[in-house]
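All remarks here apply to the structure that follows.
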Amino acid sequence: MDKGVRRRRGSTTYHLSVKSFPRDDPSKRCKLTAFLGYKAGMTHIVREVEKPGSKLHKKETCEAVTIVETPPMVIVGVVGYVKTPWPRALNTVWAAPKSKKAAFAKYALKYESEDGKKEIQAQLEKMKKYASVVRVLAHTQIRKMKGLKQKKAHLMEIQVNGGTIAEKVDYAYSFFEKQGKGYEGVVTDGVSPSPRKTHRGSTKVLYWCMAPARVPLLVARAGQNEVITIEPELNKKVYKIGKAGDESHSASTEFDRTAKDITPMGGFPRYGVVKSDYLLIKGGCVGPKKRVVTLRQSLLKQTSRVTTLFFGPTQPPLIRR
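First residue of the sequence shown? That's 497 in the numbering used here, and the numbers climb one at a time after it.
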């Protein structure tokens with residue numbers, strides 16, 4: 497079987513799509529269950545462990561942490577889904593576009609005419625009556641990320657949990673406008689490396705007799721192999737939630753009075769300075785610098801450690817024969 501016939505291509509998406517959201521509880525207030533951020537870099541912290549039974553209890557430990565910058569997202573639409581064997585979207589309502597691009601020129605006219613406003617309200621009422629799941633369409637404010645060269649924002653669906661369907665639709669409407677393997681070479685496709693003392697690369701292949709524009713498919717090429725897939729990580733510990741501003745970005749503590757910022761001197765390598773909201777997460781995070789990270793509320797029920805002071809009945813149980 498010839499393995500050198502697959503055309504190399506770039507990955508279609510680099511952010512993880514949320515396939516399942518936490519279970520909805522109508523008795524609680526409405527809230528969003530996920531958001532997007534950008535990986536800035538890693539650093540380390542020293543903290544005191546409070547874990548009875550552990551050898552590190554009441555001792556200091558050094559841990560690696562990841563800083564994920566999370567600028568505020570903009571909600572630009574709401575989608576209603578009906579309950580069927582295969583999830584089906586009922587309808588979608590977009591916000592009044594502030595952009596002057598031609599893609600939203602016709603939809604913007606609906607918010608300017610009375611008939612268009614009535615049509616939008618009719619779609620919202622239909623969503624309140626028939627929809628079983630409500631999700632919002634939100635995108636990142638990528639222009640606030642000075643370290644990123646990308647101009648196109650990342651868009652995702654976020655489920656709204658809590659409250660009735662009507663409350664979810666009103667909640668979403670109130671916020672309107674407010675699998676891969678990486679880069680691989682030709683050796684992956686069965687090309688044998690050249691022997692020792694080979695000059696100018698031992699893992700290369702001749703690109704036919706014509707220019708690279710007309711190289712046949714049977715010639716192995718280097719490039720992105722398949723679509724990138726990122727496995728989700730469960731129960732990541734959040735050590736700090738920082739807001740935009742000098743006070744929240746300070747890295748000074750009660751035991752270290754040195755005036756310093758959460759960003760190291762000179763900025764994070766290949767990223768820059770963290771200026772907006774951010775998260776301090778324990779451990780590492782999949783992906784390089786500037787990689788978009790999807791954060792979702794945990795699906796598992798959270799428990800806490802309980803100190804047991806007494807166990808067992810006050811008297812032995814009766815033995816029946």
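For glycine and all other residues, C-beta sits at the position ideal for the given N, C-alpha and C.
Cβ-Cβ separation, residue 791 to residue 737 (assumed contact under 8 Å), whole Å: Actually they are not in contact, since the Cβ atoms of residue 737 and residue 791 sit about 11 Å apart, beyond 8 Å.
Rounded straight-line distance, which links the Cα of residue 516 to that of residue 728: Residue 728 and residue 516 have their alpha carbons spaced roughly 11 Å apart.
Residues bridged to residue 536 (per DSSP): Residue 536 pairs with nothing; no bridge assigned.
Own chain partners of residue 756 with C-beta closer than 6 Å, once the 5 adjacent residues on each side are dropped: Take residue 756, set aside five residues on each side of it, and the residues of its chain with a beta-carbon closer than 6 Å to its own are 747, in chain order.
Bounding residues of the beta strand (DSSP E) (the contiguous stretch that carries residue 573): Per DSSP, residue 573 belongs to the beta strand (DSSP E) from 570-578.
Alpha-carbon to alpha-carbon, residue 599 and residue 563: So the alpha carbons of these two residues sit roughly 35 Å apart.
Distance between beta carbons of residue 635 and residue 570, contact taken as under 8 Å: Correct: roughly 6 Å between the Cβ atoms.
Span of the beta strand (DSSP E), counted from its first residue to its last, around residue 737: Residues 734-738.
Contact set for residue 767: own chain, Cβ-Cβ below 7 Å, skip 5 residues either direction: Non-local beta-carbon contacts of residue 767 in its own chain, meaning distances under 7 Å to residues more than five positions away in sequence, involve 536, 537, 643, 785, 786 in chain order.
Same chain, Cβ closer than 8 Å to residue 492, five either side skipped, listed in chain order: This structure gives no information on residue 492, because the portion of the chain shown stretches from 497 to 817.
When 671, 622, 568, 666 are compared against residue 641, the one with the closest alpha-carbon: Measuring from the Cα of residue 641, the nearest candidate turns out to be 568.
Helix, strand or coil at residue 605 [DSSP, three-state]: Residue state for residue 605 is assigned as helix, using DSSP reduced to three classes.
Cβ-based burial, residue 618 [other Cβ within 10 Å; buried from 16]: The residue is exposed, with fewer than 16 neighbouring Cβ atoms inside 10 Å.
Span separating the alpha-carbon of residue 525 from that of residue 671: Residue 525 and residue 671: Cα-Cα distance of roughly 15 Å.
Rounded straight-line distance, which links the Cα of residue 628 to that of residue 591: Their backbone Cα atoms lie some 21 Å apart in a straight line.
Straight-line gap, residue 560 to residue 621 (C-alpha atoms, nearest Å): Each residue's alpha carbon lies about 49 Å from the other.
Assigned exposure category for residue 797 - 16 Cβ within 10 Å defines buried: Residue 797 should be labelled exposed.
Among 528, 638, 589, 540, nearest to residue 779 - alpha-carbon criterion: For the residues 528, 638, 589, 540, the minimum Cα distance to residue 779 belongs to 540.
For residue 615, the three-state DSSP class (helix, strand or coil): If DSSP states are grouped into helix, strand and coil, residue 615 belongs with the helices.
Burial state of residue 585, where buried means 16 or more other Cβ atoms lie within 10 Å: Residue environment for residue 585: exposed (fewer than 16 other C-beta atoms within 10 angstroms of its C-beta).
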